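Structure record follows, encoded as structure tokens.
In my numbering, the protein residues as written are 3 to 191.
Here is the structure:
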């Protein structure tokens, strides 16, 4: 599941509402909001789980969402946006999208066909953006369906409020992704 990157909210009285963020055990990179389980563990004085694999700062042995690779003997860098598994848990195939692209240049690959597997370098991967985009589309569709069903104003306002939160999170995370893509593209040129 993708973590949210909830921005600080400035309240009408000028005060700020902040969200606690989780930082990687290995590289100290902000990987998003803490989960409820992490917050409970912290409050109880327990150690937080190791999130280096989620962050991507440890060397990869198996393909994971957000990692980059090349395909066959090609030089094009691809990002893994989906990993499909067989029923026995082994990797069936990988959905790849052109790295630093917009998600519209795609291909499928077998694990044996990929080379140069590297951990994610962007704070927010395209895989996360695509998952959040799908979530935002579902939320918008729910508003549309609720309006068509002539729901009562209270019910409609609740759904609209939830949808606004989902869309704001998507927009915020997407902005972070685009900022990272621009920096990465500039660094490569």
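From the three backbone atoms N, C-alpha and C, an ideal C-beta is built for every residue, glycine too.
All values derive from a computational prediction rather than experimental measurement.
### Query
From this set, 46, 69, 163, 19, which residue's C-alpha is nearest residue 125's C-alpha?
Closest option to residue 125, judged by alpha-carbon separation, among 46, 69, 163, 19: 69.
### Query
Using the C-alpha atoms, what's the distance from residue 158 back to residue 149?
The straight-line gap from Cα to Cα measures roughly 7 Å.
### Message
DSSP has residue 84 in a bridge; who is on the other side?
### Response
Under the DSSP definition of a beta bridge, residue 84 partners with 97.
### Query
Quick one: what does DSSP say residue 147 is sitting in, helix, strand or coil?
Looking at residue 147 - three-state DSSP - the assignment turns out to be helix.
### Task
State the DSSP-derived secondary structure class of residue 130, mapped to helix, strand or coil.
If DSSP states are grouped into helix, strand and coil, residue 130 belongs with the helices.
### Validate contact between the stretch 157-172 and the stretch 131-141 using beta carbons, cut 8 Å, 3 pairs
Contact holds: three or more Cβ-Cβ distances are below 8 Å.
### Query
Whole-angstrom Cβ separation of residue 56 and residue 123, contact assumed at under 8 Å?
Rounded, the Cβ-Cβ distance is 14 Å, inconsistent with contact.
### Task
Kindly indicate which three-state DSSP category residue 34 falls into: helix, strand or coil?
In the structure shown, residue 34 sits in a strand (DSSP, three-state: E or B).
### Task
Determine the closest residue to residue 85 out of 183, 64, 101, with distance taken between C-alpha atoms.
Checking every option, the nearest Cα to that of residue 85 belongs to 64.
### The alpha helix (DSSP H) enclosing residue 178, as first and last residue numbers
Counting along the chain, the alpha helix (DSSP H) containing residue 178 begins and ends at 155-190.
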